[in-house]
Amino acid sequence: MVSVIRLKLISILMFYLLGTLNVLPTETASTFRHYDCTNKAKFSPKSSYQFNLNKLLSKLTSKINITNYYNTTVSGTNKRDIVYGLFMCNGYMEKCGECVSTSIQTLKSKCVFNKEAIIWTHECLVRYSDKFFPNTPEKWPSRCVRKSEDYEGELDSFNKVLSSLMDDLLTEANEAPMDSIKFAVKKITISEDQHLFGFAQCTPYLSKENCKKCLRDAMNFLQTCARGKTGGRVIYPSCIVRYDHYLFFPLPRGKRKNLGVIASIIFFHALVPVIVLFFVCYLLHRESRKDLKHRKGNCGEEISTELNSLQFELRTIQEATNKFSDDNKIGEGGFGAVYKGGFSNGLEIAVKRLKKNSSQGAIEFKKEVLLISKLQHRNLVRLLGFCVERNEKILIYEFVHNKSLDYYLSSKS
C-alpha cells in the first residue's frame, strides 16, 4: 500500500515538474580553442619581421577595449617583411578584450617563429600573416567541431529545421552594411520543448556576394560533418557557422528591456514546483513512518545508503573528461567507451561510460558496483566509484598506466 501511494505521488510530481521546468546546459568558453600555424615559412629571431610582428600584435592589443574588429598592417623599411593582422569578436559581443589578449599569447607560445598563424576561440578570431588577406573566401585552414551527442528524435525533421535555420542565418548575415561585421543569430523551434540556436558571421572585408559564398560552403560542410549531432560548428578564416540545442549567445538589446518582468515570471513559475516538491516530500515522509519495517526491507534503500560514499555527480565526471571529449577517449568496446580523465587533486582516472541502450536497471547496476567495490586483489584495478544520473551509467576506475585497455573493455562492469 505504501509503495503504491508513493509511486502515485512521485508520478504526479514528475509530471508537473517536467511540464514546468526547462533546464538548458551551458558551455565553458575555455573548452573551445583551435589554432593553426598555417605555413612552414619561418622568420629568424631578432629579424625585422619579428620586430614588425611584435609591433602589429601590440597595435591589436591596444584596440581590444575600443572595438570588436580591428585590421592593421605593419611594413617597416623592408616591404618583404610586411605583416598583416586582425582580430574579430563574435558579432553578438560588444567587446572581447580578454579573449583577444589570451589568443595573442597563445599564438606567441605555440607558433614561435611562424610567419603565419590563426586562432579561433569561443568568442573571437585572431590571425596574422606575411600575405595580404584576400577579399575572396578563404577555406583553409578550417575545422569542423561537432558535439558527441546524437539527436534522438526524427532525424529527417531535424535536418529540415536545421536547413531552414541555416537559410535564415545566411540571409540575415548578408543584410549588414559593407565594412561592418556581417553576422546573424537565430532561434528556431523543433518542437514545444526543443529549439535550435544558430550563429553565422563573415569578416568585414568580404563583399556580400563573397560572404554569402563563404557561409554557404561552411553550412554545406557543417551539415555533412556534423550530420545527426545536437550541435556543431565550422570555422574558416573568412567566416564561421554554428548551431546548438541551447542558447549560447546573449539576447539582442531590444529583447532585454522586459527582463525584469520575465525574471519575475520565471521566479514565480519556478516557485510553484518547489512548493509541490515540499508537499510531496511531506506526504512521502508521513507514509514512510507508517510502515517502518517495510521501508527497511526495501533493497534499493539499503543499497543507496551503502553506496553513498562511492557515488559521483555527473557534472564532476564531465569536468574530469572534458565533457566526454573524443580527445579523452582511449577505447571503445561492446558495452561502452572508456575515457581518460583527471580530478583537480591530480588523480588520474579511467571512466567507463556504459551504452545508454543497456537493459540493466539502476538497482541491478548498483548491486554490481557494490560487489566490485568489495573485491581486493593485486591484479584488479581499484574501482573508485560510479555515477547513475539521468540515463547515464558510469564506472570510475583508478587509471593505471601499465594496465591493458582490454581490462576496462572486457565486460560491462
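Read in order, the letters of the sequence shown are residues -28 to -1, 1 to 385 in mature numbering (1 follows the signal peptide of the UniProt record, and there is no 0). All residues carry an ideal CB built from backbone N, CA and C; glycine is no exception.
Item, Value
"Buried or exposed by the 16-neighbour rule on C-beta atoms within 10 Å, applied to P106", "exposed"
"Between the CA atoms of F155 and C271 - distance to the nearest angstrom", "With a pLDDT of 41 at C271, under the threshold of 50, the predicted position of this residue should be treated as unreliable, though the coordinate-derived value follows. Each residue's Cα considered, the two are about 57 Å apart."
"Own chain, CB closer than 7 Å to N182, minus 5 neighbours either side, in chain order", "N107, T108 and P109"
"Per-residue DSSP class, three states only, for I238", "Low confidence applies here, because I238 scores a pLDDT of 45, under 50, leaving its location unreliable and the question unanswered by this model."
"N43, enclosing beta strand (DSSP E) - first and last residue", "Y41 to V46"
"Backbone secondary structure at S129 - three-state DSSP", "helix"
"Cβ separation of residue 401 and S120, assumed to be a contact under 8 Å, to the nearest whole Å", "Absent from the model: residue 401. The displayed extent of the chain is -28 to 385, so no value can be given."
"Sequence-distant residues of its chain with Cβ nearer than 6 Å to L142 (five each side left out)", "L187"
"Distance between F358 and Q283 (C-alpha atoms, nearest Å)", "5 Å"
"Exposed unless 16 or more other CB atoms sit within 10 angstroms - verdict on M150", "exposed"
"Spatially closest choice to D8 from T44, K82 and N43, by CA coordinates", "K82"
"For V372, the three-state DSSP class (helix, strand or coil)", "coil"
"C-alpha distance - T33 paired with G69, whole-angstrom precision", "8 Å"
"Opposing strand residues paired with G57 [DSSP bridges]", "T44 and Y100"
"For I153 and E147, the rounded distance between their alpha carbons", "10 Å"
"F337 in three-state terms, based on DSSP", "helix"
"Any 3 or more C-beta pairs closer than 8 Å across the region 26 to 44 and the region 52 to 70", "yes"
"Per-residue DSSP class, three states only, for S83", "Note that residue 83 is Cys in the sequence shown here, rather than Ser. Here C83 sits in coil by DSSP."
"Span of the alpha helix (DSSP H) around F220", "Where F220 is concerned, there is no enclosing alpha helix (DSSP H), given that its DSSP letter is neither H nor E."
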